[in-house]
Structure formats: C-alpha cells, structure tokens
Amino acid sequence: MKRIFLLIICFSIISLTAFAQSLNPRTGKTQGPNAKSSIDFVSTLTNSTSDVADSMFNWQIIELNLVSGWSFQMCDTETCLSNLAVGATSNFKLIKNGVGEMKSSFIPNSIAGNGSVKILIKSLKSTFMDTISVNGHAWTTAVKEIKQAKDVSFYPNPAKDVLTIRYPTRENINIEIFNILGVKIRTFNHIGFETELKIDDLQNGIYFIRFKDDAKIFSRSFTKIQ
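Just so you know, numbering that gives the first Met the number 0 puts 82 at position 83 of the sequence shown, and the rest follows in order with no gaps.
Now the structure itself:
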C-alpha cells in the first residue's frame with residue numbers, strides 16, 4: 000500500500016511538472032497578399048509553474064524554408080529579431096503565472112510564394128520543451144492598394160449583394176473589380192455621385208476596386224460574403 004501511495008505521489012508531481020508550461024497553438028498556417036508587410040502567426044506561451052525561478056526560456060529556429068527575397072522575424076515576450084536564419088536563438092523571460100505571445104512573421108517583400116518554419120521553445124530550468132511549426136503563404140496582388148482619398152467611399156464592407164460606391168465626378172469613368180490573383184472580373188460605369196455595383200453572383204472572398212480619374216488612381220479592397 001505504501002508503495003502504491005508513493006507511486007501516486009510521484010505521478011502527481013510529474014504530471015504537475017509536465018503541465019507547468021504550455022504552448023498553444025503549436026502548428027498552423029498563415030497567409031496574406033504579398034504586398035502585406037508581414038504574415039504573422041501568434042502562439043501563446045503560458046508559464047503556470049510553482050517555481051518562481053523557472054522564468055527563463057529560449058527559442059531557436061531549427062528549420063526555415065523561405066522564398067528567395069523573403070525574410071523572417073521572431074518576437075518573444077521581450078524583443079523582436081529580424082532577418083533570421085536557421086540557428087538563430089534568443090533568451091527571454093516569462094514570470095510565474097505569466098502569459099506571453101510568441102509571434103513568428105514571414106516578410107514577403109512583395110514576392111508571392113510559400114515558406115515554413117519550425118521553432119524550438121524550451122525552459123532553461125525545467126524539462127519543458129515544445130515546437131512551433133508554421134506554413135506561410137503569400138499570394139500575388141496584381142492590383143496595388145493605394146490609400147483611399149477622402150472623397151471616395153463605399154459601403155457596406157463586407158458586402159453581400161450590392162456594393163455602393165460614392166465618388167463625385169462629371170466624367171464617365173470605368174470602375175473595375177479584380178480578384179486576389181489580379182484578374183479583372185467585372186467593369187462598371189460611374190458618373191455623378193453614387194453607383195450601385197451588383198456583386199451577388201461573385202464567390203466569397205477578397206476583391207479589389209480600381210478606377211482612374213485624370214491622374215488619380217484609386218484602389219481599395221472589399222470582402223464578398225453570402
């Protein structure tokens with residue numbers, strides 16, 4: 000009976016130690032347009048240890064596959080490091096009962112493609128060790144987004160059946176809609192102040208509106224929903 004009792008105690012101690020720190024999520028995918036400054040994936044590190052001294056951690060990049068021209072950035076609870084390669088490492092602190100973000104970011108630099116990374120996370124005191132594995136994808140954005148002028152607006156966004164654009168003009172201009180691959184799929188004529196664009200037959204997803212008035216080019220994104 001005494002031996003069983005000791006085994007139960009030992010198992011309880013091991014269980015508590017095993018769950019003292021946790022990382023979630025550990026795997027995933029992230030994506031975005033290649034014009035985006037970064038494509039991010041965030042994991043949460045939780046330090047539920049009962050040992051106040053168990054507060055120092057380390058991360059290390061053990062696998063990294065990037066498209067030529069891409070770069071990679073890693074942010075822990077204390078700092079962010081950029082232009083990283085396999086073997087890059089850093090120590091950081093997360094206090095007892097603390098919760099911190101571990102953000103891994105693919106920097107596409109306007110280049111489409113796919114990348115992957117695996118990052119080892121470990122405690123410098125306990126036996127805790129885990130990995131973050133992320134696949135990143137950047138799609139081509141043929142239509143460059145330009146900051147919207149104050150006299151241009153459209154609503155609603157997201158839109159279901161009709162997207163209304165407001166832009167005062169005396170000239171007849173063409174409003175074009177592109178998909179995320181940069182393929183033009185629709186053209187509308189606009190004159191006056193307001194035009195309704197029927198989009199009920201479009202598939203769900205992200206689209207871009209673009210039109211040119213004299214030397215000004217306007218381009219903005221919207222989301223089509225059911």
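The beta carbon of each residue, even a glycine, is placed where N, CA and C say it ideally should be.
*If you draw a straight line from the alpha carbon of E62 to that of R25, how long is it in whole angstroms?*
Locating residue 62 in the sequence shown gives position 63, where the first residue counts as 1. Locating residue 25 in the sequence shown gives position 26, where the first residue counts as 1. Inter-residue distance for E62 and R25 is about 15 Å (C-alpha atoms, whole angstroms).
*DSSP on V41, reduced to helix/strand/coil?*
One-based indexing of the sequence shown puts residue 41 at position 42. V41: strand per DSSP, three-state reduction.
*Looking only at C-alpha atoms, which of V41, I110, G204, K124 sits nearest to D50?*
Counting from one through the sequence shown, the residue named residue 50 turns up at place 51. Distances from the CA of D50 to each of V41, I110, G204, K124 were compared; the closest alpha carbon is that of K124.
_Bounding residues of the beta strand (DSSP E) (the contiguous stretch that carries P167)_ = Sequence index remark: in the sequence shown, residue 167 carries index 168 (1-based). Annotation for P167: the continuous beta strand (DSSP E) segment containing it runs 161-178.
_Taking 6 Å as the limit between beta carbons, can you name the residues of its chain near F127, skipping five residues before and five after?_
In the sequence shown, the residue the question calls residue 127 occupies position 128. Taking F127 as the centre and dropping the five residues before and after it, the same chain places the C-beta of Q20 closer than 6 Å to its C-beta, in chain order.
*asked:* Alpha carbons only, please: which of D160, Y166, I60 is nearest the one belonging to S152?
replied: Against the sequence shown, residue 152 aligns to sequence position 153. Among D160, Y166, I60, the Cα nearest to that of S152 is on Y166.
*Looking at C-alpha atoms only, which residue of F221, K215, G191 is the closest neighbour of G204?*
One-based indexing of the sequence shown puts residue 204 at position 205. Looking from the CA of G204, the closest CA among F221, K215, G191 belongs to F221.
*Using only alpha-carbon positions, find the residue among K92, Y154, D212 that is nearest to N188.*
The residue given as residue 188 occupies position 189 in the sequence shown. Residue D212 is the option with its Cα nearest to N188.
*Under the rule that 16 or more other beta-carbon atoms within 10 Å means buried, what is K223, buried or exposed?*
Residue 223 sits at position 224 when you count from the first residue of the sequence shown. Classified as buried, K223 has 16 or more neighbouring CB atoms from the shown chains inside 10 Å of its CB.
_Classification of I106 by the beta-carbon crowding that lies within 10 angstroms, buried from 16 upward_ = For this step, residue 106 is matched to residue 107 along the sequence shown. That one is buried.
*In terms of DSSP beta bridges, what is K28 paired with?*
Locating residue 28 in the sequence shown gives position 29, counting from the first residue. DSSP, once it has assigned bridges, lists N134 as partnering K28.
*asked:* Quick check on DSSP: helix, strand or coil for D50?
replied: Stepping through the sequence shown from its first residue, residue 50 is reached at position 51. The DSSP-derived three-state label of D50 is coil.
*Might you give, ordered along the chain, the residues of its own chain that have their beta carbon closer than 6 Å to the beta carbon of C74, omitting 5 neighbours on each side?*
Here residue 74 is taken as the residue at index 75 of the sequence shown, counted from 1. A distance below 6 Å between beta-carbons, with the five flanking residues on each side excluded, links C74 to the following residues of its chain, in chain order: K102.
*Evaluate L162 with the Cβ neighbour count: other Cβ atoms within 10 Å of its Cβ, from every protein chain shown; 16 or more gives buried, anything less gives exposed.*
The residue labelled residue 162 in the question sits at position 163 within the sequence shown. Around the beta carbon of L162, 16 or more other beta carbons lie within 10 angstroms, which makes this residue buried.
*With hydrogens ignored, establish whether the beta-carbon of N90 is closer than 7 Å to any heavy atom of the ligand SAH.*
The model depicted lacks the ligand SAH and carries no ligand whatsoever.
*Boundaries of the beta strand (DSSP E) in which N198 is found, first to last residue*: Within the sequence shown, numbered from 1, the residue matching residue 198 stands at position 199. Here residue 198 is Ile; the residue named in the question, Asn, does not match the sequence. Looking at the DSSP string, I198 is not in any beta strand (DSSP E), and its letter there is neither H nor E.
*asked:* In this structure, how does DSSP classify T186 when only helix, strand and coil are distinguished?
replied: Looking up residue 186 in the sequence shown gives position 187. The answer is strand: DSSP assigns T186 an E or B state.
*Alpha carbon to alpha carbon, how far is I208 from N113?*
Your numbering for residue 208 matches position 209 in the sequence shown. Your numbering for residue 113 matches position 114 in the sequence shown. CA-CA distance, I208 to N113, rounds to 26 Å.
*Could you tell me how far apart the beta carbons of I110 and V182 are, in whole angstroms, since I believe they sit closer than 8 Å?*
By 1-based counting over the sequence shown, the position of residue 110 is 111. By 1-based counting over the sequence shown, the position of residue 182 is 183. The beta-carbon separation of I110 and V182, rounded to 19 Å, does not stay under the 8 Å limit for a contact.
_Taking the alpha-carbon of T43 as reference, which of L93, V85, D160, S37 has the nearest alpha-carbon?_
For the purposes of this step, residue 43 is taken as the residue at position 44 of the sequence shown. The residue from L93, V85, D160, S37 with its alpha-carbon nearest to that of T43 is L93.
*Could you pull the start and end residues of the beta strand (DSSP E) that K117 belongs to?*
As a first step, residue 117 is located in the sequence shown; it is residue number 118 there, counting from the start. Where K117 is concerned, the enclosing beta strand (DSSP E) starts and stops at 112-122.
*Quick one: is Y154 buried, meaning 16 or more other Cβ sit within 10 Å of its Cβ, or exposed?*
Sequence index remark: in the sequence shown, residue 154 carries index 155 (1-based). Exposed, because fewer than 16 other Cβ atoms sit within 10 Å of the Cβ of Y154.
*asked:* Quick check on DSSP: helix, strand or coil for I61?
replied: As a position in the sequence shown, residue 61 is number 62, starting the count at 1. I61: strand per DSSP, three-state reduction.
*asked:* Considering Cα atoms alone, identify which of K35, A34, A52, T29 is closest to V41.
replied: For the purposes of this step, residue 41 is taken as residue 42 along the sequence shown, with counting starting at 1. The option with the nearest alpha carbon to V41 is T29.
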